[in-house]
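Contents: one structure, followed by commentary.
Number of protein chains: 2
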Amino acid sequence: MVNYLAGLDAVFLALADPTRRGMIERLSRGPATVGELGRPFAMTKPAITKHVRTLEQVGLVRRERIGRIHRCTLAPEAMRDAEEWIERHRRFWKSSLDRLTRHVESGDKLTLALTEERDE
Amino acid sequence: MVNYLAGLDAVFLALADPTRRGMIERLSRGPATVGELGRPFAMTKPAITKHVRTLEQVGLVRRERIGRIHRCTLAPEAMRDAEEWIERHRRFWKSSLDRLTRHVESGDKLTLALTEERDE
DNA sequence: CTTATAGTACACCCTATGGTTAACTATCTG
DNA sequence: CAGATAGTTAACCATAGGGTGTACTATAAG
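Just so you know, the sequences run in chain order A and B. Quick note: the first sequence uses the working numbering, first residue 1, plus one each step. Quick note: the second sequence uses the working numbering, first residue 121, plus one each step.
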């Protein structure tokens with residue numbers, strides 16, 4: 001019924017890490033190598049590799065090998081679904097809040113608000 | 121230097137789960153009890169409790185106890201930072217893509233594009 | 001009082017995540 | 001060729017996440 005795009009899980013999960021968000025911020029100012037992406041963070045190269053690969057796998061980063069370096073660029077189209085999802089539910093908020101307010105103001109109609117969605 | 125709001129970690133992580141996104145979708149159509157939130161999902165009550173608590177802890181859901189039921193409402197203000205973060209980097213995309221395109225079109229200036237941000 | 005209902009707490013399991021060290025491949029440079 | 005540089009792979013570790021079953025609290029209802 002509700003469509004849980006598997007991609008949303010992955011994108012939100014990728015964004016839930018400060019290191020990866022930092023990499024995205026860096027990439028939003030232009031392409032960078034893996035080494036450059038990792039330099040600001042106090043962690044080893046394999047850890048950096050993993051983060052970059054995560055970003056690549058969820059489609060947020062594209063990679064191009066040039067000689068021995070890997071040139072990474074941001075591919076923020078992958079963020080569209082995530083942004084749309086959030087935006088959609090932030091919009092619904094206002095209307096549902098209005099309805100709620102109406103119920104609250106009418107006192108004991110609260111119970112109605114609670115049971116109106118039950119289907120058993 | 122870069123401000124990694126701890127809250128962003130938590131909100132993105134909360135959104136990275138289909139069950140919790142489903143609960144938010146449900147709540148965007150009006151308040152609901154914990155039981156109502158969990159009914160669509162094939163999992164036990166303690167699991168539901170945990171998901172709801174997660175949403176509550178990151179500030180996406182507010183809870184009000186009425187007798188033995190817990191009335192949950194959406195508090196999507198907590199999504200603002202997340203949405204803003206995404207929107208910010210989706211905006212930067214276009215400009216950085218423009219710069220990239222310029223470099224690509226000029227052939228061997230690619231190397232320049234890769235080194236221009238190094239500060240060591 | 002007794003039972004059903006709403007929800008939580010606790011102990012536990014399994015797997016995924018984020019990190020490490022060590023060793024490796026591949027490219028660039030002297 | 002020898003060495004340095006960029007990056008990955010593999011094995012491992014600790015912790016957190018999502019789920020379970022069972023037991024519990026508290027309110028509602030007969």
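Even for Gly, the Cβ is constructed at its ideal location relative to N, Cα and C. Predicted model, so just to flag it, every value in this text is computed and none were measured.
Self-check item: Neighbourhood of residue 78 of chain A by C-beta distance below 7 angstroms, restricted to the same chain and skipping five residues each side
Solution: 11, 58, 59 and 60
Segment contact flag, the region 127-146 of chain B with the region 199-207 of chain B, C-beta cutoff 8 angstroms, min 3 pairs:
yes
**Item:** Those runs of the beta strand (DSSP E) which lie wholly inside the region 54-100 of chain A and span at least 3 residues
**Value:** 61-66 and 69-74
| message | Determine, for residue 9 of chain A, whether the minimum Cβ-Cβ distance to residues of chain B falls below 7 angstroms. | response | yes
ask   = The alpha helix (DSSP H) with residue 158 of chain B in it runs from where to where?
value = 154-158
Fill in: Three-pair Cβ contact test at 8 angstroms for the region 20-40 of chain A versus the region 49-58 of chain A
With the cut-off at 8 angstroms, the region 20-40 of chain A and the region 49-58 of chain A touch.
Item to complete: For residue 31 of chain A, I'd like the list of residues in its chain whose CB is within less than 7 angstroms of its CB, leaving aside the five on either flank, ordered along the chain.
Response: 71, 72 and 73
- Message: Taking the alpha-carbon of residue 208 of chain B as reference, which of A/7, A/19, A/9 and A/29 has the nearest alpha-carbon?
- Response: A/29
Assign residue 155 of chain B to buried or exposed, taking buried as 16 or more other Cβ atoms, counted over all protein chains shown, within 10 Å of its Cβ. exposed
query: When DSSP labels each residue in this structure, what does residue 29 of chain A get in the three-state scheme?
result: coil
Please report how far the alpha carbon of residue 169 of chain B lies from the alpha carbon of residue 129 of chain B, in whole angstroms. Approximately 21 angstroms between the Cα atoms of the pair.
| Taking Cβ positions only, does residue 175 of chain B come closer than 7 angstroms to chain A? | no
Output needed in chain order: residues of the region 75-87 of chain A with a Cβ under 9 angstroms from some Cβ in chain B. 75, 76, 77, 79, 80, 82, 83, 85, 86 and 87
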